[in-house]
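Residues in the sequence shown are numbered from 1 upward in steps of one, following full-length UniProt numbering.
Ideal placement from N, C-alpha and C gives every residue a C-beta, glycine not left out.
Please read all numbers here as calculations on a predicted model, not as lab measurements.
Comments concern the structure below.
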Amino acid sequence: MKIKEKPEDFYVKEIINLDKKKEGDLFRYFLMKKENISTINAIKIIARKLHISKRKIYFAGEKDKNTISEQYICIRNFNDFREEYNFGNVKLKYVGSYEEPLKISDIDGNYFRIVIRDLNNEEIKRFKDNIEIFNKYYFNYFDEQRFGSRLNNHIVGKYLINRDYENAIRIILIDYNNENNIKAIEARKYLKEHWGDFKNALSLFPNYLDIERGILGYLIREKNYYRALKYIPKRLLKMYIHSYQSYLWNEELSYILKNNNCNSKINNKIQELYICKDNIEKFMDKKLELIGFDMKNKNFHKDILDREGLKIENLYNKDKPSLSLYSTERYILSEVKDVDYKIKNNIVIEFILGKGSFATIYIKHLFS
């Protein structure tokens, strides 16, 4: 089976109720349609084409690169605007003006339409069996998108939590796993083999790797890995530590399910993830705490903290509070609504998920 064979095979549209927003002129809201480009890179294109700072552009959630997706953005103090913009694989349509920016809490959910190709008879049978089991709920794991295109965000996050800033920077710069650009691979390989030779490495890194180039430019002047973090956007730094937090949550949930005689697994590149196919309802409305310095049940998390070599005091960063891990709770099961599908040569499936839940994890359940 294959998903995301073509961008049009994976369509997602953000669901936000703009009627809740207070009307005004401070923020201009647009529906952004993008194809085969990440949200971050789409924002860069918009900023460049409109000759504005990226800092003036707000969005609620990130959408995958290899998709066609529609999501809302807003632009602060953008008065001279058009109703529509066409930047090739990024298009904007004006939808209104409001007094406040977009926030992740604005998202009510996401609608998905996914085409699954190249199925054999066994996979079709498995789908038919599993769609009856997971037609309302599935296990709410974080999927691989949470861990970055190179699947290493959680590794960087762990180093940041442990104040090992050199190794955090090292992974950001040299890890070429799942890297697609040949020049980027060569540059990262060179730096891996010649760590510390930042000047020559800078000449090899492609211009589109602007964050890496910013870090290298600073390290040429001063080899201070903590201060080099200022060349990484705050949003990305938080993403690193939240990726590690997500990794830990996945580990704990998988351990719980394995010890509840849940022996089915879903395909995942990063870690072993178990699911139940029987008595799913016993996990209904139950939550699992995400690890953070302010977590309520520290004893419950002791095993994984020990396995990871984590100290609770390291979860709060006094020098840089934005790199602290705060605890929250996440439902073990995610609800899936309005499921509809057709089986011909391919499977076309439509459904709605709440914010923070991963459609690719749901698809993996259906073929587990």
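Close-in-space but distant-in-sequence residues of the same chain around residue i (CB under 8 Å, 5 per side omitted)
| i | result |
| --- | --- |
| lysine 269 | Glu144 and Leu151 |
| tryptophan 195 | Arg170 and Ile174 |
| serine 322 | Lys234, Leu237 and Lys238 |
Rounded straight-line distance, which links the Cα of residue j to that of residue i
| i | j | result |
| --- | --- | --- |
| isoleucine 174 | tyrosine 255 | 32 Å |
| glutamate 106 | valine 156 | According to the sequence displayed, residue 106 carries aspartate and not glutamate. So the two alpha carbons sit approximately 29 Å from each other. |
| leucine 333 | histidine 301 | 20 Å |
| alanine 201 | glutamate 179 | 17 Å |
| tyrosine 29 | glutamate 99 | 10 Å |
| glycine 24 | serine 97 | 6 Å |
| lysine 318 | lysine 238 | 15 Å |
| tyrosine 208 | phenylalanine 283 | 45 Å |
| leucine 310 | lysine 4 | 36 Å |
| serine 149 | lysine 128 | 31 Å |
| leucine 236 | asparagine 263 | 35 Å |
| lysine 2 | asparagine 79 | 44 Å |
| isoleucine 116 | leucine 31 | 27 Å |
| asparagine 345 | phenylalanine 367 | 16 Å |
| asparagine 135 | tyrosine 226 | 47 Å |
| lysine 223 | isoleucine 312 | 29 Å |
| alanine 184 | lysine 20 | 44 Å |
| histidine 365 | cysteine 276 | 10 Å |
| tyrosine 316 | lysine 54 | 29 Å |
| tyrosine 331 | leucine 204 | 45 Å |
| leucine 353 | lysine 33 | 19 Å |
| isoleucine 75 | leucine 50 | 11 Å |
| isoleucine 131 | isoleucine 40 | 34 Å |
| phenylalanine 27 | asparagine 259 | 50 Å |
| isoleucine 266 | alanine 228 | 38 Å |
Sequence-distant residues of the same chain with beta carbon closer than 7 Å to residue i, five excluded per side
| i | result |
| --- | --- |
| tyrosine 244 | His154, Gly157, Lys158 and Ile161 |
| aspartate 294 | Tyr326 and Ser327 |
| asparagine 250 | Tyr141, Phe142, Gln271 and Leu273 |
| isoleucine 347 | Ile116, Leu119, Phe127 and Tyr341 |
| residue 372 | With the chain running from 1 to 368 in the structure shown, residue 372 is simply not present. |
Close Cβ partners of residue i (< 6 Å) along its chain, the five nearest in sequence each way excluded
| i | result |
| --- | --- |
| phenylalanine 358 | Asp143 |
| glutamate 350 | Arg113 and Asp340 |
| isoleucine 68 | Pro7, Glu8, Tyr11 and Glu35 |
Residue i: first and last residue of the uninterrupted beta strand (DSSP E) it sits in
| i | result |
| --- | --- |
| tyrosine 29 | 23 to 35 |
| lysine 189 | It is not in any beta strand (DSSP E) - lysine 189 instead sits in the alpha helix (DSSP H) that spans 182 to 193. |
| arginine 117 | 107 to 117 |
| lysine 265 | 264 to 266 |
| phenylalanine 10 | 10 to 16 |
| phenylalanine 127 | Careful: phenylalanine 127 lies outside any beta strand (DSSP E), inside the alpha helix (DSSP H) at 121 to 133. |
Alpha helix (DSSP H) segment containing residue i, residue limits
| i | result |
| --- | --- |
| lysine 302 | 302 to 308 |
| glutamate 281 | Per DSSP, glutamate 281 belongs to no alpha helix (DSSP H) and is neither H nor E. |
| leucine 288 | Unbroken run through leucine 288 is the beta strand (DSSP E), 287 to 289; no alpha helix (DSSP H). |
| tyrosine 226 | 225 to 228 |
| phenylalanine 198 | 198 to 204 |
| leucine 273 | It is not in any alpha helix (DSSP H) - leucine 273 instead sits in the beta strand (DSSP E) that spans 273 to 275. |
| glutamine 245 | 234 to 258 |
| lysine 158 | 153 to 161 |
| asparagine 314 | It is not in any alpha helix (DSSP H) - asparagine 314 carries neither H nor E in the DSSP assignment. |
Opposing strand residues paired with residue i [DSSP bridges]
| i | result |
| --- | --- |
| cysteine 74 | Tyr29 and Tyr58 |
| leucine 333 | Phe139 |
| asparagine 86 | Lys91 |
| glycine 96 | Tyr29 |
| valine 348 | Val115 and Lys342 |
| isoleucine 40 | DSSP lists no partner for isoleucine 40. |
| leucine 353 | Asn110 and Val336 |
Supposed contact pair residue j and residue i - C-beta distance, whole angstroms, cut 8 Å
| i | j | result |
| --- | --- | --- |
| phenylalanine 139 | leucine 253 | 7 Å |
| phenylalanine 198 | isoleucine 232 | So it is not a contact: roughly 16 Å between Cβ atoms. |
| glutamate 84 | tyrosine 94 | 7 Å |
| tyrosine 165 | proline 101 | That belief does not hold up - the Cβ atoms of tyrosine 165 and proline 101 are roughly 31 Å apart, past 8 Å. |
| lysine 355 | glycine 88 | Rounded, the Cβ-Cβ distance is 28 Å, inconsistent with contact. |
| lysine 56 | asparagine 77 | 7 Å |
| glutamate 70 | glutamate 123 | With 8 Å as the limit, glutamate 70 and glutamate 123 do not qualify as a contact, their Cβ atoms being about 29 Å apart. |
| isoleucine 104 | alanine 42 | The pair is not a contact, with the Cβ atoms about 17 Å apart (cut-off 8 Å). |
Cβ-heavy atom distance, residue i to the ligand GDP, below 7 Å
| i | result |
| --- | --- |
| serine 368 | The ligand content of the structure shown is nil, which means the ligand GDP is not present either. |
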